[in-house]
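In the UniProt record's numbering, the protein residues as written are 1 to 125.
Below is the structure:
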């Protein structure tokens, strides 16, 4: 497995990965696919691949040199438990080693296990 930058031609395989994950990945709907493709083009994204199939990916943003934010992290359920998520996070952070790394997530226990700390909250209106 290798980790490389996301390329536009990876999009169909990313949506296939989301489909394998299940309905909670709402990006993979006809209404959202075009918006998500646009978001990927404007994000920092990497894929975990064997050059034939994508098994995981990470997507995030850099806050103009202040902080780094992970917005999405997904590893194929059949390939979890191999530290691929952690490898994707480490690869992502290597792009901006001097910046603090934050994550927006509904999977807090996973990130806490990797050493992240809860430092605030997200509010919605």
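Yeah, the Cβ is synthetic: ideal placement off N, Cα and C, and Gly gets one too.
Since we're looking at a predicted model, the values are computed, not measured.
Residue i by DSSP, collapsed to three states: which one?
{"i": "residue 6", "result": "coil"}
{"i": "residue 88", "result": "helix"}
When we look at the beta-carbon of residue i and count the other beta-carbons within 10 Å, is it buried (16 or more) or exposed?
{"i": "residue 122", "result": "exposed"}
{"i": "residue 83", "result": "exposed"}
{"i": "residue 79", "result": "exposed"}
{"i": "residue 18", "result": "buried"}
{"i": "residue 100", "result": "exposed"}
{"i": "residue 118", "result": "exposed"}
{"i": "residue 108", "result": "exposed"}
{"i": "residue 67", "result": "exposed"}
{"i": "residue 56", "result": "buried"}
Judging by CA-CA distance, which residue of the options is the nearest neighbour of residue i?
{"i": "residue 113", "options": "61, 85, 94 and 93", "result": "85"}
{"i": "residue 62", "options": "36, 105 and 42", "result": "42"}
{"i": "residue 51", "options": "116, 3 and 105", "result": "3"}
{"i": "residue 59", "options": "66, 103 and 21", "result": "103"}
{"i": "residue 70", "options": "54, 53 and 88", "result": "88"}
{"i": "residue 92", "options": "7, 21, 22 and 47", "result": "47"}
{"i": "residue 14", "options": "72, 105 and 124", "result": "72"}
{"i": "residue 5", "options": "115, 105 and 44", "result": "44"}
{"i": "residue 10", "options": "124, 49 and 32", "result": "49"}
{"i": "residue 53", "options": "115, 20 and 106", "result": "20"}
{"i": "residue 8", "options": "30, 65, 22 and 37", "result": "37"}
Q. Curious, which full-length alpha helix (DSSP H) runs of at least 4 residues does the UniProt domain "N-acetyltransferase" (1–125) contain?
A. Listed in chain order, the complete alpha helix (DSSP H) runs (minimum 4 residues) inside the UniProt domain "N-acetyltransferase" (1–125) are 11–21, 30–42, 84–94 and 108–113.
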